[in-house]
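Residue numbers (this note's numbering), protein chains in the order written: chain A, 161 to 253; chain B, 4 to 313.
Here is the structure we will look at, set down as structure tokens.
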């Protein structure tokens with residue numbers, strides 16, 4: 161199983177076209193291994209990014225440096241997946 | 004084994020085998036209406052089953068619905084299961100659905116990406132693509148919603164096999180896509196093509212590969228807005244309506260662009276509900292509310308297709 165312990169999903173309510181551009185730049189940083197659940201498109205749609213634990217400080221630093229506010233939508237993805245799996249096992253029984 | 008569809012928990016996520024087994028139960032319980040067709044096999048040789056809802060006739064005008072082409076979007080497949088059951092149980096009870104099925108057929112592909120779906124249950128819950136192997140690359144899988152012959156390889160699709168939106172080596176290279184293409188083409192009388200995704204609450208129509216309006220844009224927009232109004236009436240869930248390119252971003256090689264260019268005017272794609280808290284990990288207690296509200300929109304589109312033939 162691929163484990164997602166410590167991975168977070170952050171949500172950004174994009175406030176300007178400049179922020180869209182900055183997030184698009186972030187999208188090209190392959191070494192961060194970001195998984196964009198919702199891509200930066202416009203100020204009308206939020207951006208959701210699954211950030212591996214190893215990239216959290218880099219990504220949060222980038223957002224802080226560019227004054228892009230964000231919220232943590234999922235604090236620890238693996239915890240949520242464990243709950244989901246436990247629920248499925250109960251249902252299976 | 005599920006003994007009957009009444010004992011099946013529609014408010015839970017299930018493995019592929021459980022859903023396939025449930026399909027047999029549905030067919031057995033509604034044998035006058037539902038049949039299961041194998042339209043081909045996946046890359047890893049799993050059968051791909053379509054549920055056909057038909058009251059008779061030969062190649063009647065038909066409506067296509069697929070769910071879960073992106074495997075991690077679990078609420079899509081779960082909504083497909085609930086919807087198939089709804090169609091089967093409401094036939095003969097709901098006058099509008101009954102009249103629809105007396106003139107048209109409905110085809111549902113609930114697990115449009117079976118290999119990916121199994122992979123999300125066994126190895127990587129976040130898997131989105133197919134599982135095909137790409138010669139010369141360590142990365143596997145193609146985005147099956149970038150693989151259709153509609154602006155293939157254009158904007159919004161990646162040529163990198165490691166990308167989540169990799170378009171694949173050629174149009175229809177993915178057998179899962181090719182199987183659907185073959186069925187739609189050989190049938191020749193599909194009037195609507197609806198793909199169900201999750202999440203972000205959108206109802207979209209073509210194009211994704213171009214930001215130009217399609218010739219039927221005003222009509223599709225109007226149908227979409229009316230459908231969404233009904234969806235919203237249940238729980239207040241807010242949807243946006245528009246072309247893929249204009250309300251998300253350019254995305255070439257998508258299924259509904261292909262279906263529209265093939266001549267299926269009523270081509271739509273849903274992005275199901277988003278609580279803003281869970282993304283792809285929507286809790287199972289959200290399945291039935293999601294499916295129930297989606298049904299109102301789906302039904303509106305299907306009724307429009309029935310009443311406005313072309």
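Every residue gets a Cβ at the ideal spot worked out from N, C-alpha and C, and that includes glycine.
Under 9 Å by beta carbon: chain A residues contacting residue i
i                      : result
residue 185 of chain B : Residues of chain A passing the Cβ test: none, with the nearest at roughly 31 Å.
residue 287 of chain B : 244, 247, 248, 251
Contacting residues, own chain, Cβ-Cβ under 7 Å from residue i (five flanking each side not counted)
i                      : result
residue 4 of chain B   : Annotation note: pLDDT 47 at residue 4 of chain B (below 50); position unreliable, coordinate value reported separately. Closer than 7 Å at Cβ, skipping near neighbours: 24.
residue 234 of chain B : 240, 242, 296, 297, 299, 300
residue 175 of chain A : 203
residue 155 of chain B : 170, 174, 255, 256
residue 228 of chain B : 244
residue 87 of chain B  : 29, 54, 111, 113
residue 192 of chain A : 215, 218, 219
residue 126 of chain B : none
residue 95 of chain B  : 101
residue 238 of chain B : 292, 296
residue 161 of chain B : 168, 169, 170
Within chain B, the residues that residue i reaches when beta carbons sit closer than 7 Å
i                      : result
residue 174 of chain A : Chain B residues near residue 174 of chain A: none, gap ~13 Å exceeds 7 Å.
residue 209 of chain A : Result: empty, since nearest Cβ-Cβ is about 10 Å, beyond 7 Å.
residue 251 of chain A : 12, 15
Within chain A, the residues that residue i reaches when beta carbons sit closer than 8 Å
i                      : result
residue 203 of chain B : 198, 205
Chain-ordered chain B contacts of residue i [CB-CB under 9 Å]
i                      : result
residue 193 of chain A : The premise fails here: residue 193 of chain A is roughly 10 Å from chain B at the closest Cβ pair, so nothing lies under 9 Å.
residue 178 of chain A : Correct list: empty, because the minimum Cβ distance to chain B is about 18 Å.
residue 234 of chain A : 280, 281, 282, 284
residue 201 of chain A : 250, 251, 252
Counterpart residues of residue i in DSSP-defined beta bridges
i                      : result
residue 270 of chain B : B:196
residue 41 of chain B  : B:52
residue 245 of chain B : B:207
residue 211 of chain A : A:168
residue 69 of chain B  : B:112, B:198
residue 161 of chain B : B:169
residue 304 of chain B : Answer is none; residue 304 of chain B lacks a bridge partner.
residue 143 of chain B : B:136
residue 187 of chain B : DSSP output for residue 187 of chain B lists no bridge partner at all.
residue 275 of chain B : B:201
residue 188 of chain A : Its beta-bridge partners do not exist; DSSP assigns none.
residue 195 of chain A : A:210
residue 293 of chain B : Paired residues: none, contrary to the question.
Option in the options with minimal Cα separation from residue i
i                      : options                    : result
residue 109 of chain B : B:22, B:61, B:202          : B:61
residue 199 of chain B : B:118, B:111, B:140, B:182 : B:111
residue 157 of chain B : B:122, B:137, B:213        : B:213
residue 223 of chain A : A:184, A:239, A:241        : A:184
residue 179 of chain A : A:221, A:227, A:161        : A:227
residue 73 of chain B  : B:303, B:59, B:140, B:272  : B:272
residue 183 of chain B : B:98, B:91, B:152          : B:152
residue 35 of chain B  : B:92, B:65, B:246          : B:92
residue 292 of chain B : B:78, B:19, B:37, B:20     : B:78
residue 242 of chain A : B:294, B:290, B:286        : B:286
residue 167 of chain A : A:199, A:190, A:252, A:236 : A:236
residue 163 of chain A : A:208, A:213, A:247        : A:213
residue 249 of chain A : B:124, B:166, B:104        : B:124
residue 40 of chain B  : B:32, B:51, B:275          : B:51
residue 222 of chain B : B:308, B:66, B:106, B:274  : B:308
residue 225 of chain A : A:210, A:161, A:186        : A:186
residue 165 of chain A : A:229, A:211, A:205, A:238 : A:238
Within chain A, partners of residue i - CB distance below 7 Å
i                      : result
residue 126 of chain B : 161, 162
residue 211 of chain B : By Cβ distance, chain A contributes nothing, its closest Cβ being about 13 Å from residue 211 of chain B, past 7 Å.
Proximal residues to residue i (C-beta, below 8 Å), its chain only, five neighbours per side dropped
i                      : result
residue 177 of chain B : 46, 133, 135, 145, 147, 150, 171
residue 22 of chain B  : 80, 84, 113, 114
residue 49 of chain B  : 19, 117, 118, 121
residue 302 of chain B : 99, 100, 233
residue 220 of chain B : 208, 246
residue 240 of chain A : 234
residue 187 of chain B : 67, 193, 196, 262, 265, 267
residue 306 of chain B : 99, 103
residue 194 of chain A : 186, 187, 209, 210, 211, 212, 215, 219
8 Å Cβ cut-off: residues of chain B touching residue i
i                      : result
residue 241 of chain A : 128, 284
residue 169 of chain A : 282
6 Å CB neighbourhood of residue i in its chain, flanking five on each side removed
i                      : result
residue 209 of chain B : 217, 259, 260, 263, 270
residue 231 of chain A : 171
residue 230 of chain B : 300, 303, 304
Any non-hydrogen atom of the ligand FAD closer than 7 Å to residue i Cβ
i                      : result
residue 160 of chain B : Looking at this structure, you won't find the ligand FAD or any other ligand, since it has none at all.
Which residues of the segment 10-42 of chain B have a Cβ closer than 9 Å to any Cβ of chain A? Give them in chain order.
12, 14, 15, 16, 17, 18, 21
Using a beta-carbon distance cut-off of less than 9 Å, what residues from the segment 252-266 of chain B approach chain A?
252
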